[in-house]
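Student:
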Amino acid sequence: AESGQGHKCVVVPLGLRSLPQNVAPKVVNQHRPLRILFVGDEAIRKGIGDLCTAVSQFGRNRCETRVAGNIDLSDAGRTQASQTVTLLGPVPRAEMRSQYEWADVCLLPSVSDTFGLVILEAMSLGVPVITTPNTGGADVIDEGENGYIVPVMSPETIAERLETFDQDRSLLSQFSERCLLKSKDFGIEHYGANLVTAVRDAYTQKIN
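Numbering (our numbering), first residue to last: 5 to 212.
(1) Determine the direct distance from the alpha carbon of T208 to that of K30, and round the result to whole angstroms.
(2) Relative to the alpha-carbon of L77, which residue among L111, D108, D45 and Y152 has its alpha-carbon at the smallest distance?
(3) Taking only three categories from DSSP, how would you classify G120?
(4) Is I213 helix, strand or coil by DSSP?
(5) Starting from E68, follow the beta strand (DSSP E) in both directions and report where the run begins and ends.
(6) Quick one: what's got a C-beta closer than 6 Å to P94's C-beta in the same chain, skipping five residues either side?
(7) Let me confirm a value: M157 is counted as buried when at least 16 other C-beta atoms fall within 10 Å, else exposed. Which label applies?
(8) V89 and R66 - do their beta-carbons sit closer together than 8 Å?
(9) Just confirm the distance between the C-beta atoms of L199 and V16, as a whole number of angstroms; I'd bet it's less than 8 Å.
(10) Comparing the C-beta of V59 with each C-beta of chain D, is any distance below 8 Å?
(11) Compare the Cα-Cα distances from L18 to each of H194, R204, T201 and A202 and report the closest residue.
(12) Using only the alpha-carbon positions, how far apart do M127 and G148 sit?
(13) Terminal residues of the continuous alpha helix (DSSP H) containing G19?
(14) Does the Cβ-Cβ distance between L91 and R97 come in under 8 Å?
(15) Taking its Cβ as the centre, do 16 or more other Cβ atoms sit within 10 Å of H11, making it buried, or is it exposed?
Listed below in structure tokens is the structure:
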């Protein structure tokens, strides 16, 4: 839309095939390190460098950070990243729920991305997300209510958001509850209905 005619574009966010049931908002222990989760394979494009820098600025001893995915880093890159985060490697989809349940916050600082379905997966399990405008997150996240949208390549802003969560763990619980409520609007049925509506509206406008 930025290089074309925006009024001719309609955004229809994707939906989850099935939403988790009976998920309670997170209650975060005040006396343990903050738990951060990064999910993705194409690490450089998805901002793993900014993740590591943000974690370092926030304080590596104040958090535990896991990276789930078959990240595309050189041996030297893996060695450097592993000094800041725990590289889990590929995690089977069936085991991802336990990773989200472990996490307090999901971090997706993508430089370039398609719609980050990880965002919906995290929110559907009550995990607030910090991400960039380049993930489609703004179509799902209500800024400052159930997550944060930060500028691309701004690890210092990410560190500030982590600080906000760390200083007020009750805020994480509030965000978690709102994530669960918001995610209910992004099931596959909603996606189908929204897509049909978008096509119908576009057709109506064309013939009129």
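Backbone N, C-alpha and C fix where the C-beta goes; we use that ideal spot for every residue, glycine too.
Tutor: With the structure as the only source:
(1) In the sequence shown, counting from the first residue as 1, residue 30 sits at position 26. In the sequence shown, counting from the first residue as 1, residue 208 sits at position 204. If you draw a straight line from the Cα of K30 to the Cα of T208, it is about 44 Å long.
(2) As a working note, residue 77 is residue 73 in the sequence shown. Of the listed residues, the one whose Cα sits closest to L77 is D45.
(3) Along the sequence shown, read from residue 1 onward, the residue named residue 120 stands at position 116. Note: G120 maps to coil in three-state DSSP.
(4) This structure leaves residue 213 out entirely; the chain is present only between 5 and 212.
(5) Start at 1 with the first residue of the sequence shown, and residue 68 comes out as number 64. Per DSSP, E68 belongs to the beta strand (DSSP E) from C67 to A72.
(6) Working through the sequence shown from its first residue, we reach residue 94 at position 90. Hits under 6 Å: N74.
(7) Walking along the sequence shown from the start, residue 157 turns up at place 153. Counting Cβ neighbours within 10 Å, M157 comes out exposed, since fewer than 16 surround it.
(8) As a working note, residue 66 is residue 62 in the sequence shown. As a working note, residue 89 is residue 85 in the sequence shown. No, Cβ-Cβ distance for R66 and V89 is not below 8 Å.
(9) Position 195 of the sequence shown holds residue 199. Position 12 of the sequence shown holds residue 16. Contact between L199 and V16 holds, with the beta-carbon distance rounding to 5 Å and staying under 8 Å.
(10) Of the protein chains in this structure there is only one, and it is not chain D.
(11) Translated into the one-based positions of the sequence shown, residue 18 becomes position 14. Looking from the CA of L18, the closest CA among H194, R204, T201 and A202 belongs to H194.
(12) Your numbering for residue 127 matches position 123 in the sequence shown. Your numbering for residue 148 matches position 144 in the sequence shown. Taking the straight line from one Cα to the other gives about 14 Å.
(13) On the sequence shown, position 15 is the one that residue 19 refers to. No alpha helix (DSSP H) holds G19; DSSP gives it neither H nor E.
(14) Locating residue 91 in the sequence shown gives position 87, counting from the first residue. Locating residue 97 in the sequence shown gives position 93, counting from the first residue. It is not a contact, given that the beta carbons lie outside the stated cut-off.
(15) For the purposes of this step, residue 11 is taken as residue 7 along the sequence shown, with counting starting at 1. By the 10 Å Cβ count, H11 comes out exposed.
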